[in-house]
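The numbering used here numbers the first residue of the first sequence as 168 and each following residue consecutively. Heads up, the beta-carbon is just placed ideally off N, CA and C, and yes, glycines get one too. Here's the structure we're looking at; comments come further down.
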Amino acid sequence: MELSSRYVAGEIEDKWYTHWKESGYFKSTPDDREPYSIVIPPPNVTGILHMGHMLNNTVQDVLARKARMDGKNVCWVPGTDHASIATEAKVVRWLREEKGLTKSAIGREKYMEYAWEWTHKYGGIILKQLQRLGASCDWDRTSFTMDEVRSKQVYRAFVDLYNRGKLYRDWRMVHWDPRARTVLSNEEVLYKEENTFLYHVKYHLVDDPSQSITIATTRPETILGDTAIAVHPEDARYKDLVGKLVKVPLIGREIPIIADDYVDREFGSGALKITPAHDANDYEIGKRHDLEVVDVITDDGHMSEAAEHFVGEEIMTARKHMIEYLESSEQLVRKEPLVHSVGRSERTDAVVEPRLSLQWYVKMDTLAKPALESVMSDEIEFFPKNQKNTYRHWMTNIRDWCISRQLWWGHRIPAYYYEDEVFVAETPEEALAAARKKTGIATLTMADLRQDEDVLDTWFSSWLWPFSVFDGMDEGGEIDYYYPTSVLVTAWDIIFLWVARMAMAGFEWKGEKPFKHVYFTGMVRDPLGRKMSKSLGNSPDALELLDNYGADGVRFGILSSSPAGGDLLFDEKLCEQGRNFCNKIWNALRLVKGWETSDQPSSDADKIAFAWIEEKLQTVIEGIESDFQEYRLSESLTKLYSFIWTDFCSWYLEMVKPAHGDTMSVETYNNTTALFSKLMQLLHPFMPFVTEEVWHQLSEKDGDCMMSSYPKKASLGSNVLEDVEYLKEIIAKVRDVRNKNGLKVRELLPLKMLKSARTQSLLSQKGWSDLLQSTAFLEGIQPIKEASKDVSDVAFVVGTDKFYITISKEVDVEEELKTVEADLEYQRGFVKSIEKKLSNERFVNNAPEAVVDKERKKLADGQKRIAMLEETLVRLKG
RNA sequence: GGGCGCUUAGCUCAGUUGGUUCAGAGCACUUGGUUUACACCCAAGGGGUCGGGAGUUCGAAUCUCUCAGCGCCCA
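Structural data, given as C-alpha cells:
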C-alpha cells in the first residue's frame, strides 16, 4: 500500500480510538495487579473543551497510559460537575432569552425541569471532546456530581457532619452576588483594582446645622443606610463632636457620632460613615455600639423600601442620583479619583455586595488538621513541592466554609423545619419521622415540614469525588482496591477550593488521604501572558486546534513546554512542532518500509550503528524512568523528540540506509523495525495515535502498542558509544568542509587521517571505516604518518586528531585562515583558563582527584589541538 | 499589609546533587541544498558578561544576602 508523504491524523485517530474502546482497554475492574487510579477533575457539565482541560487531561492520559504499559490496573474515572452557580447562570439566561421566562415566574419545580433539559442537551459534550484528545478513561464509570449515587453520598455527608456537630447555621456578613442572588464563598470572589471615586460628604449637626462633619465614601448610595459616624477616639479634630447627632443627607435620619479605634485617621477625612448592613467592618462596629441595621439594598442589587429614596433603582443608578442630590444640596465637598480593590463574583462578574444573611457553615478546624499534616509530612506528595507553602498558609488561616447557596440547581439542603425546630436527614421520610418523635405529634405530614430553600455549594459534592465515584463512603467493594487514588492532576488555582477540601473529606470519611500524589499543572496563558478566557476571546478553539494539528500534535504542543507548576504561554507554534514530529515519524516509516531485504549477513558497519543506537537508547529509557518519578513529563518528551529526530532519523537511518538500488540484510532490517517499534512504545503515552499506527505498520504483531509492555532499561555492555560519537564529529566536519567550499553532499571525497593511537585503534575496528565512508560520502580513508603539506588538503581537528579532505577545487586560503585563526583563539583561551585553574594550589589540593585529572586531560588535549591548528596556519601562510 | 514565585539567545522556555568543551532546546534569523523518507525537509552557521551588586567555595546559571524589575495568591 502506498503511504502518503504526509501524516494525516483524522482517520487514523478515529480508527484507533474506536478500536481501543471496543477492545475494552480503557475498562478496569479490580484484580490482583497493582491499581493505578485517577479521578478526573470534573469539568462543568455544560462546559466546552478549552486549553486548560486539554493540558490537564493530556497529562492524566500520559500518566494513565504509561502506568498501563507498566502493567498496572489503570482506572481513570471520568465525569462532570453540575457547577451549581455557573450552570444556573446559563440556564437563567437561556430561559430569559429563548423562552422569555424568569425563575420566579415558573417556580422551583418547573425550573428544575428546564435545568435538567438544558443539562441533557449540552451535558457531556466535553467528554466526547476529551475522547478526541485520546483520553483513555473508563467511560463506563462516567459520573456526575448530581447523579443518584453521588447525590446520596452528598446527603449522607451533610447529615453526618450535622450529627457530629461539625455543621451549623448562623447569621453572618457574607459575600453576596446580586446577579445570581446567592452567597459566595471567599474563594469565589475575585479582587481586582478598579478606578473609582472617593466622595467627601458633609453631614450637618442636628443641634447646629451650621456645623458639619465630612466623611469619605466610595459608595454614596449606602448613605441611606447609615446609622452612625465613627471617628478615632484619640483624634483631636473630632474630640468635641463625639456623642453629638448628625443628620443623614436626604433621608434626614439622626445618627450619633461615635468613637471607635477601628477608624483609620489617615484615610479620607478621618471620619467614617457606618452602614452595618453593607460593610463587614461596619457590621462589627455596629455590633460593638449596638447600632441599628438598615438594609437598603435588595438581594438582586436594587434599592430597598428601607432606603426610602430611589427605591427599586439599581445600585449604580441610585449612586448617580445620590451624587446629584449631594451636589445640588451642596453637601458634596469634593470627589477624588481612587484606585481600590473591588470584589467580583467569579462566575457572574457582578460586584459582590457584603450582606448579612443566615447561612450554613462547616466547622473547619478539626477537618483541616489531618489534611494539613498529611501534606506537610509528604504523606500526600505535591509536585512541585513549593505548593506546600501556599497550602500551609491557607490551611493555618482557614475559616469556616459557607456551604449554602441561594440557588435551585444543586443538592437541596436536607434540612427540614417545623416551627423552630430543624430536622436534618438524608430523606424527607426520615426527617418526618424525627419530627414526629421530637414533637410527639404523630399526625405531622410532609406538608407540615418546610425544606430549606437553599442548595449546597458545588464543592460540597466535588470534595467527595475521590471516593464518591466508587460509591465508596462505606468500606468494602471497589473502594478498598482503588482508594487512595494514585495521583490527582489539577491546576494550582483550585488548591483551596478543591484539593484541600478533598484531603479533608478523605480523612473525615475514609480515614485516609484521597490521593498519594498531586501534580499541579500551570495555568495556560496566551502569548501575552494573560489568562485565557472567553471574555478576552484569546483562547484558541480547542477543536480547531485538533483539526489543524491532530490530537498528537496538540498533545505534543501542550506538553512539551509545560513543566509542573509553571504557567504556560500557549503558542500554536508548539502544536505545529508536534504535527511536524508526527510527520517526521511517518516518513521514517515510509523510508523503512521502502527497503528491500536480502539474505546477506549484516555488514560490520550496520552492526556498529545498531549497537550504538541501542546503547544510546538505554540512556534515554533511564532518563524517562527518572523523569516520570518526578512528573517531569515535558523533559521526557523532549528527550524522545530529540532521540527520534536526531539520533534515530538523522543518524541511525542514514547510517544503515542502503545505497540506491542496494538491499539490506534481513537482520539489520529486523533490528531496525524492532528498534523503531520500541521507540513507538516509548512515545506512546505522549502521542498515542501516530505511535499505534506506525507500530502496526512496521510489522505484524499480536496485540496493540497501547497494551504492550513499556520498554525497560537493559545493560548491553557494548562500548561503541564513544567511537560513534567521534565518528559523527568527523562527519560534521566533513560536511562543514563541503559547505564552505561549495561541494555537493554526495560528491565522493578522499579523507586523510593522521596516525594516532586513537585513529589506529578505530581503523582496526571492523566496519568502522566503512561506516565513516558511507555516511560521510568519502572515497577512501588514507592513514598518513606526517602532517600533509598539500595545498589542496583542507585540514580539520576532531578531539586530538587531525584530518584532511582533498578537494578538487582551489582552496580559499583567506577563508580557511579565518576559520583556523578563530578556532585557535578559542582554544588558546580555553587552555589559558585551565592553566589558571591548575596553577591554583587550593584547587589542586581541595578538588576531588577525578576533577583535577579531568582538567589535566583537558589541558593536554587543548594543547595538542593548538599545536595542530598552528601547524595548519603555517602551511596555509605557506 | 502577609505569603509564594519569576528574571538565562530576538521570542517561549529547559538546565535535577555546585564540577564533562556547560551556557542548552524549539521557534525566528543567515548561508547552502530538491533524481526518489520527509520543504511540515536536510546540512552548516550567527546570536546570551545566565537581571545588578556582594558573599560562601578550589570552583557558582546553580548556594546565601542585598538591590531592581515583573507576576500571582491571600488580607
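Buried versus exposed call for residue i [16 or more other C-beta atoms within 10 Å across all chains shown]
i, result
"residue 203", "buried"
"residue 614", "exposed"
"residue 434", "exposed"
"residue 217", "buried"
"residue 429", "exposed"
"residue 710", "exposed"
"residue 335", "exposed"
For residue i, three-class secondary structure by DSSP
i, result
"residue 523", "strand"
"residue 343", "strand"
"residue 569", "strand"
"residue 186", "helix"
"residue 389", "helix"
"residue 588", "strand"
"residue 949", "strand"
"residue 684", "strand"
"residue 855", "helix"
"residue 216", "coil"
"residue 964", "strand"
"residue 595", "helix"
"residue 1039", "helix"
"residue 553", "coil"
"residue 802", "helix"
Nearest-angstrom Cα separation, counted from residue j out to residue i
i, j, result
"residue 691", "residue 223", "10 angstroms"
"residue 411", "residue 554", "53 angstroms"
"residue 337", "residue 325", "16 angstroms"
"residue 364", "residue 487", "12 angstroms"
"residue 289", "residue 306", "18 angstroms"
"residue 959", "residue 944", "18 angstroms"
"residue 385", "residue 520", "13 angstroms"
"residue 516", "residue 387", "22 angstroms"
"residue 969", "residue 990", "14 angstroms"
"residue 148", "residue 683", "Given that the chain is displayed from residue 168 to residue 1045, the structure contains no residue 148 and the question cannot be resolved."
"residue 972", "residue 996", "27 angstroms"
"residue 896", "residue 906", "15 angstroms"
"residue 316", "residue 345", "33 angstroms"
"residue 495", "residue 570", "45 angstroms"
"residue 291", "residue 264", "23 angstroms"
"residue 779", "residue 898", "16 angstroms"
"residue 774", "residue 829", "17 angstroms"
"residue 403", "residue 369", "19 angstroms"
"residue 389", "residue 493", "13 angstroms"
"residue 946", "residue 961", "15 angstroms"
"residue 529", "residue 592", "16 angstroms"
"residue 547", "residue 680", "7 angstroms"
"residue 772", "residue 932", "10 angstroms"
Own chain partners of residue i with C-beta closer than 6 angstroms, once the 5 adjacent residues on each side are dropped
i, result
"residue 1037", "none"
"residue 713", "299 and 721"
"residue 313", "249"
"residue 209", "246, 247 and 248"
"residue 180", "718 and 856"
"residue 767", "832"
"residue 456", "425"
"residue 954", "1038"
Sequence-distant residues of the same chain with beta carbon closer than 7 angstroms to residue i, five excluded per side
i, result
"residue 451", "none"
"residue 839", "759 and 823"
"residue 565", "531 and 535"
"residue 436", "367, 381, 382 and 383"
"residue 281", "258 and 262"
"residue 1004", "1010 and 1022"
8 angstroms CB neighbourhood of residue i in its chain, flanking five on each side removed
i, result
"residue 207", "224, 227, 243, 244, 245, 246 and 304"
"residue 285", "213, 254, 257, 258 and 261"
- [ ] Pick out the complete beta strand (DSSP E) segments inside the region 226 to 296, 3 residues or longer, and give them in chain order.
- [x] Here the runs fully enclosed are 240 to 244.
- [ ] Mind listing, in chain order, the continuous beta strand (DSSP E) runs of no fewer than 3 residues lying wholly within the region 483 to 547?
- [x] Runs of the beta strand (DSSP E) inside the region 483 to 547: 499 to 512 and 520 to 529.
TODO: Give, in chain order, every unbroken run of the alpha helix (DSSP H) that is at least 4 residues long and sits entirely within the region 397 to 472.
DONE: Contiguous alpha helix (DSSP H) elements confined to the region 397 to 472 occur at 447 to 456, taking only those with 4 or more residues.
TODO: Tell me the start and end of each unbroken alpha helix (DSSP H) in the region 596 to 666 that is at least 4 residues and wholly inside, in chain order.
DONE: DSSP runs (the alpha helix (DSSP H)) wholly in the region 596 to 666: 626 to 629, 632 to 635 and 645 to 649.
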